[in-house]
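Take a look at the structure below.
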Amino acid sequence: MTPDPAISRLLPNASLRGMRVLVRGAGEMASGVAYRLAHAGFHVLMTEIPTPLAVRRSVSFCEAVYEGSKVVEGRTARLIQEPGEAPELWARAELPVLVDPHMRCRAAIRPMVIVDALLAKRNTGLHKGMAPLTIGLGPGFHAPDQVDLAIETNRGHNLGRLISLGAPEPNTGVPGTLGGYSLERVLRSPADGRFQTQVALGQRVEAGQVVATVDGQAVEAQVAGILRGLLRPGALVTQGTKVGDVDPRGCIEYLHTISEKARAIGGSVLEGILATFNR
Numbered sequence: 005m006t007p008d009p010a011i012s013r014l015l016p017n018a019s020l021r022g023m024r025v026l027v028r029g030a031g032e033m034a035s036g037v038a039y040r041l042a043h044a045g046f047h048v049l050m051t052e053i054p055t056p057l058a059v060r061r062s063v064s065f066c067e068a069v070y071e072g073s074k075v076v077e078g079r080t081a082r083l084i085q086e087p088g089e090a091p092e093l094w095a096r097a098e099l100p101v102l103v104d105p106h107m108r109c110r111a112a113i114r115p116m117v118i119v120d121a122l123l124a125k126r127n128t129g130l131h132k133g134m135a136p137l138t139i140g141l142g143p144g145f146h147a148p149d150q151v152d153l154a155i156e157t158n159r160g161h162n163l164g165r166l167i168s169l170g171a172p173e174p175n176t177g178v179p180g181t182l183g184g185y186s187l188e189r190v191l192r193s194p195a196d197g198r199f200q201t202q203v204a205l206g207q208r209v210e211a212g213q214v215v216a217t218v219d220g221q222a223v224e225a226q227v228a229g230i231l232r233g234l235l236r237p238g239a240l241v242t243q244g245t246k247v248g249d250v251d252p253r254g255c256i257e258y259l260h261t262i263s264e265k266a267r268a269i270g271g272s273v274l275e276g277i278l279a280t281f282n283r
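Sequence positions in the sequence shown follow the working numbering and run 5 to 283.
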């Protein structure tokens, strides 16, 4: 969406348009962040590992690593091989995805903002000084000594809160409630091994149905609903890894749209950037 030039000239923050933001990760939450920032006019580059393990693949830009491109709610992300390819995609209002786990592209991209959206429950390398503004999502980040801003990712009253002094709540290990179910809706690997399934994303499953196997051991749905998330077949996993997500609400439209949590966190990142650079 391109604003009217006459309106743009009146906006005090018009210079922020095209600001470069590096988002570490391209899974579900990172994709929600990147989507909102790109929609607001920022030039976003996402970095990933060589073999992403996104569960909600239908709304994760990291699928571009496997497929070459991925469309989420009408916005396209494409895999690039080097940072120099990013400007061409930005000119087309697209999102570049680069396999670069250690963010070595920083020297070439020179981002004004880095957002660590891995949600690894710990800080895996982001620190102040890597960019003028550093933002960490969820547990593991403490502001202002490690990062400039941390953002609460735990569902509840404080979801999306900007933290300039302190840290987000510790990891509870308890998934958010959907349709009255929490732990029961999440599918986890019963063993170390290779994940295999013949079931497709969006398919309806019943309680007790075998959805997949890992090293020959069955992964059973505990509740009935729509398979909102499922790892790619062939992925190597360890025991306890989240491999799927059953949505008991049964609404197929939710499969292809960004969740309220990812959208809220993306809005908080946007607020943090605007609040910092519009002072």
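Idealized CB from N, CA, C, for every residue including glycine. A quick note: this is a predicted structure, and the numbers were derived from the prediction, not measured.
Worksheet item: Excluding five sequence neighbours on each side, which residues of the same chain lie with their C-beta closer than 6 Å to the C-beta of glycine 45?
Response: Counting only Cβ-Cβ distances below 6 Å, and skipping sequence neighbours, we find Arg21.
Fill in: Residue closest to isoleucine 118, alpha-carbon to alpha-carbon, out of Lys265, Leu187, Val37
Selected option, being the one with the closest Cα: Val37.
Worksheet entry | Three-way DSSP call (helix, strand, coil) for proline 87 in this model | Three-state result, proline 87: helix.
Discussion item. Beta-carbon within less than 8 Å of arginine 208's beta-carbon, same chain only, minus the 5 sequence neighbours each way: which residues are those?
Written reply: Excluding sequence neighbours, arginine 208 sits near Ala228, Gly229, Ile230, Leu231, Gly254.
Practice prompt. Would you check if the stretch 76-94 and the stretch 23-39 touch, i.e. whether three or more CB-CB distances between them fall below 8 Å?
Written response: With the cut-off at 8 Å, the stretch 23-39 and the stretch 76-94 touch.
Worksheet item: Should the stretch 176-187 be called in touch with the stretch 215-223, which here means at least 3 C-beta pairs below 8 Å?
Response: With fewer than three CB-CB distances shorter than 8 Å, the stretch 176-187 does not count as touching the stretch 215-223.
Discussion item. Can you tell me whether leucine 122 is helix, strand or coil according to DSSP?
Written reply: When secondary structure is reduced to three states using DSSP, leucine 122 falls in the coil class, being assigned neither helix nor strand.
Fill in: Which listed residue (Val63, Ile84, His47, Pro54) has its alpha carbon closest to that of glutamate 257
Of Val63, Ile84, His47, Pro54, the residue nearest in Cα terms is Val63.
Fill in: Close Cβ partners of alanine 124 (< 7 Å) along its chain, the five nearest in sequence each way excluded
Once the five neighbours on either side are set aside, the close Cβ partners of alanine 124 are Gly144.
Worksheet item: Can you give the Cα-Cα distance for alanine 95 and alanine 42, rounded to whole angstroms?
Response: Rounded to whole angstroms, alanine 95 to alanine 42 spans 12 Å at the Cα level.
Item to complete: Take glycine 184 and list the residues in its own chain whose beta-carbon comes closer than 8 Å to its own, dropping the five residues that flank it on each side.
Response: Within the same chain, glycine 184 has close Cβ partners Pro252.
Discussion item. I'd like to confirm the pairing. Which residues does DSSP put opposite isoleucine 139 in its beta bridges?
Written reply: Secondary-structure assignment with DSSP links isoleucine 139 through a beta bridge to Val119, Leu153.
Item to complete: Please list, in chain order, all residues of the same chain as threonine 245 whose beta carbon is under 6 Å from its beta carbon, the five residues on each side excluded.
Response: So the qualifying residues of the chain are Ser193.
Discussion item. Mapping the DSSP letters down to three states, classify lysine 246 as helix, strand or coil.
Written reply: Lysine 246 falls in the strand class under three-state DSSP.
Worksheet item: Among all the DSSP beta bridges, which residues are the ones paired with proline 100?
Response: Answer by DSSP bridge pairing, in chain order: Arg82.
Fill in: Nearest-angstrom Cβ-Cβ length linking alanine 268 and leucine 163, presumed shorter than 8 Å
Confirmed, Cβ separation roughly 6 Å.
Worksheet item: Excluding sequence positions up to five away, which residues of its chain have a Cβ less than 6 Å from the Cβ of proline 174?
Response: Once the five neighbours on either side are set aside, the close Cβ partners of proline 174 are Pro143.
Worksheet item: Ordered along the chain, which non-local residues of its own chain (more than five positions away) have a Cβ less than 6 Å from that of leucine 15?
Response: Per-residue confidence for leucine 15 stands at a pLDDT of 44, beneath the threshold of 50, marking its modelled position as unreliable; the derived number appears in the next sentence. No residues qualify anywhere along the chain.
Worksheet entry | leucine 274, enclosing alpha helix (DSSP H) - first and last residue | Following the DSSP letters along the chain, one finds leucine 274 inside the alpha helix (DSSP H) bounded by residues 264-281.
Discussion item. Rounded to whole angstroms, what is the Cα-Cα separation between glutamate 98 and phenylalanine 65?
Written reply: Put simply, the backbone Cα of glutamate 98 is about 11 Å away from that of phenylalanine 65.
Fill in: Nearest-angstrom Cβ-Cβ length linking valine 247 and leucine 235, presumed shorter than 8 Å
Contact between valine 247 and leucine 235 holds, with the beta-carbon distance rounding to 5 Å and staying under 8 Å.
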